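In UniProt numbering, the protein residues as written are 1 to 787. We put the CB at the ideal spot given by N, CA and C, even for glycine. Keep in mind the model is a prediction, meaning the values are calculated, not measured. Worksheet: the structure to be examined is printed underneath.
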Amino acid sequence: MSASHPCQGASWRDRDRQRGKRHVKAACTRANCASLMELPRDLPLDGGGTVAHFPTSAPRIIIHLDLDAFYVGASRLRDPTLRGLPVGIKQKHILATVSYEARALGAKKLGKVMDSLRACPSMILVDGEDLTWFRIVSRRVFGLISKVCGAATPIEKLGMDELWLDVTQLIDGHLNSLPQADESGKRWFPLPSGSSAPSRRAGDSASCQGFSYGRDAVGHVSKFSAFEASGAHPTASMRFVVATHLAKHLLAMLDSTLGLSASAGVSTSKLLSKIVGGENKPAQQTLFAPIGGTLQQQAGIKARFVEAREIRALAGFGSVVANRIEERVRGLSHHEGRSESKTQLSQWHSVPPHAPEMSVEAEATAQSSTRRLSVAQVRSQITLSDMCKLFGTVQGPRLWPLLWGQDPSPVVPAPLFPATISIEDTFSPRGATQDAVERLVRSLLRRLENELRAASTESDPNSKGRAIPQVGLDHLKFRRVDRQAWSDSDYSNAPNPIVRYYELIEQDEAQDGARSSALGPWLRFPATLRVSIVTPASIADGTPVWKARNSKSSAMPVEIFEVERSFESRANALSKAVQSLEKALNPQRLPIRLLNLAAADLRERQPDRGLGSWLASRRAGKTPVEHEVDMASLSQSEASSIDLDIFSALPDDIQRELAAQYGLDLQQLQGARSDAHYSTDAAPSGASLQYDDDDNLQRDVQDRSGSAHCEVCQAPCLPFLLHDHETWQVSGLPEELRQMELEGLARVDEAFHVAAERKFSTTSPYESPVVQERFARTRSPSRKPNG
DNA sequence: CATGGAATTGGT
DNA sequence: ACCAATTT
């Protein structure tokens, strides 16, 4: 906020006035600069340069990895029968992601379940609301990559399925070691520690981990790349050639070792590598090497690389930033008197699901010509000081260089543990029941154990990689359950898909023994417990608001760390703490629409107990748990080829099913399996999947599968839409809301109706007349939403 | 446009 | 400590 900030300096104010006149022209090489590129005079450059004093003045080498349709790939790992089929990962009533097979048939990522089903009735829906398995697989991916590249290579994670690597040191270190080419002109790139190539025999250790490469880049090369054209220094080129081979090696490792498909981008920054990696998917890689000529020339190449894309293509430009910019630009060109509010926006759903896919470029062009702005358009109208006005003096200067393809941000190594671990759920207008709270408490505790306690299995003594804790996740077991979305007779015209669930087999009371032996000591101790809730409105102030998120925190009860106690008793301790916070948060007992439980402030040592309980434990002869934890890297079983491991962990009938499907010889596979397990710990990695033989359970599942009834209004409802129905439907208001209504809080009511109407327009074919009638009856008469 | 779970960041 | 805003 100081006056000395760059965006408030005189030079920027000048630019603001005489836009376009004070630019410097980047010098232009014959090969890569068709048009003159104008750059802002003071554009901060993100590094790079010639290799005159390699490697210090050389640009960074950044690889971006992106798992293809990650939830699908992970689901196929746990259930190989999904391979080759159209699959949609369902969260509530949308598809978080869809397999490429389903995309080919018209299913849309982030589309509504019903829309994609119409296009692709054969699609198998997989429940994706429980993220446990995806977290496990994500952790394996990270572990594998960091093992291959060594602990010295910074790796930053973005969500569960993307990561960046700064391989500058890795590659320059290799090139500086003067590797010798063999007779065929190939060189060997030795990887720092043992990579995860399956080592079947004892003794073949680090010596042969690596890959060989020739003098040409592999994979796609972006058409924007100046890699070939601009007379880059040979060594500068070779750095990126090697990087493409490394990226290829990483993709191959993910495929062969984990069975996952991924795509990669190679460039000089996080921004550029992520964008270019998206140019060719799935299972492909693309290079963009803006490395020829001077720094200014390189800046010109980068600027041209991004200029035709829509601004949302830039990592960091999300919906809020993009909208605010577009609004500002529209305001600047004020020849249109049209009010820009979003009245007629909702009719864009008319895109047919079978529309042929446009190329990335074509799509960007088409949209920029209609309603989305291109980077170039924004650049020509928005200055740095504009960005500071719009986004503040922190975000503004950070975002602005991205518009020129400049991104100096470093690859920040992912911490071993996240800063917080939280879970949340949403509830119907009745609010969370006590039972639901208890369940949420238990799933938080379970997650804390899974992710913050060590696995009790031995670590791989040979591993020298980054210390990735082997947490206690791999013993989890799932049971596959198929449900018809509804019974055919009810809606004979609608598609009737299978919804496939993988239920975590409860490891509670009955199996406490098994569980505690599978889990080791705590690796981190969350010292803080935070409870956040959203209630419909606060009554205290005069202007009630629909949404109010509040939170309170307290010390995490230390009882939860006492592993010798039963799960239930620890859960009860946690539950008590949650309830007292909840009580303080919500003294009026308003219905809780959203409940979030978070564990924060993760410490390496167990927090001190309160004096009372400390004395109690002294009396009981116990000492607080303290461990020198051997931070294990990935175990052998984790690193070795897991296809067989996973296969053998499957129940017999699934094995048979798979064998039949792929025409495999079951006997031979099982033989091979015993061979493969000659070596080390026999514990198979990966979760195992079990069919439940219990007929009662199956029948119970069937009973619930056909139809469901709204908890609030009792109307029949499609099971997988039940949540939304209960969340948004407007009949049968719970007492609390009805009371507010009577007290004249009409605006709360109205907000409720507006939201509800939006929802209903999308699901109306399946509403019962009863619901619609009640909907009409309870609608606020004063100010009806237009329609 | 919204969807939904989870994390981080920045501001008070 | 709290909480709103933002991204993905």
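Annotation for Ala322: Ile311 and Arg312 place their beta carbon closer than 7 Å to its own, counting only its chain and skipping 5 residues before and after. Within the DSSP bridge table, the entry for Pro408 names no partner.
Per the C-alpha coordinates, the member of Ala555, Ala518, Trp400 and Gly143 positioned closest to Asp46 is Trp400. Burial of Thr97 is indicated by the presence of at least 16 other C-beta atoms within 10 angstroms of its C-beta. Within its own chain, the residues whose Cβ lies closer than 8 Å to the Cβ of Leu445, once the five positions on either side in sequence are excluded, are Ile560, Phe567, Arg570, Ala571 and Leu574, listed in chain order.
When DSSP reads this structure, Asp166 sits in a beta bridge with Ile62.
Note that the stretch 140-148 does not touch the stretch 167-177; fewer than 3 beta-carbon pairs, one per stretch, sit closer than 8 Å.
Residues of the same chain with a CB within less than 7 Å of the CB of Ser273, apart from the 5 flanking positions on each side, are Ile62, Ile63, His64, Trp164, Gly265, Val266 and Ser267 in chain order. Short of 6 Å from the beta carbon of Ala247, and not among the five residues preceding or following it, lie these beta carbons of its own chain, in chain order: Ile63, Ala264, Val266 and Gln285.
Less than 7 Å separates the beta-carbon of Val499 from that of Arg483.
Contact holds between the stretch 427-437 and the stretch 581-595, because three or more Cβ pairs, one in each stretch, are under 8 Å apart. Under the three-state reduction of DSSP output, Asn586 falls in the coil class, being neither helix nor strand. A Cβ-Cβ separation of about 7 Å places Lys90 in contact with Val126 under the 8 Å criterion. Of the candidates Glu564, Pro415 and Ala308, the residue whose Cα lies closest to the Cα of Ser380 is Ala308.
When rounded, the separation of the alpha-carbon atoms in Arg530 and Glu156 is 27 Å.
For the pair Leu67 and Leu250, the Cα-to-Cα distance works out to about 12 Å. Non-local beta-carbon contacts of Pro190 in its own chain, meaning distances under 6 Å to residues more than five positions away in sequence, involve Gly210 in chain order. The three-state secondary structure of Glu562, taken from DSSP, is coil. Inclusion of Arg447 and Ala527 in the CB contact set at 7 Å is not warranted, their separation being larger than that value. Burial state of Pro536 is buried, judged by a 10 Å Cβ sphere holding 16 or more other Cβ atoms.
Under the criterion of beta carbons closer than 8 Å, Arg549 and Val534 qualify as touching, at roughly 5 Å.
The Cβ atoms of Ser116 and Gly88 lie closer than 7 Å to each other. When C-alpha distances from Leu85 are compared across Lys92, Gln406 and Arg103, the shortest belongs to Arg103. For Gly277, no beta strand (DSSP E) segment is defined; the enclosing uninterrupted segment is the alpha helix (DSSP H) at Lys270 to Gly277. Taken through DSSP and simplified to helix, strand or coil, Asn280 comes out as coil. 7 Å or more divides the Cβ of Asp42 from the Cβ of Ser269. It is roughly 44 Å from the alpha-carbon of Ala152 to the alpha-carbon of Glu327. Ala555 has Thr528 as its beta-bridge partners, per DSSP. Lys552 has its alpha-carbon roughly 19 Å from the corresponding atom of Gly431. From the listed residues Thr433, Gly331, Asp182 and Ala315, the smallest Cα separation to Gly159 is found for Ala315.
For His93, the three-state secondary structure derived from DSSP is coil. Under a 10 Å Cβ-count criterion, Gly293 is classified as buried, with 16 or more other Cβ atoms of the shown protein chains found around its own Cβ. Per DSSP, the unbroken alpha helix (DSSP H) holding Ala322 starts and ends at Ser319 to Leu332.
Within the DSSP bridge table, the entry for Thr286 names His220 and Gly265 as partners.
Judged by DSSP secondary structure, Ile155 falls within the beta strand (DSSP E) whose first and last residues are Ile155 to Leu158.
Phe70 is the residue among Phe70, Thr393 and Val329 whose C-alpha sits nearest the C-alpha of Lys281.
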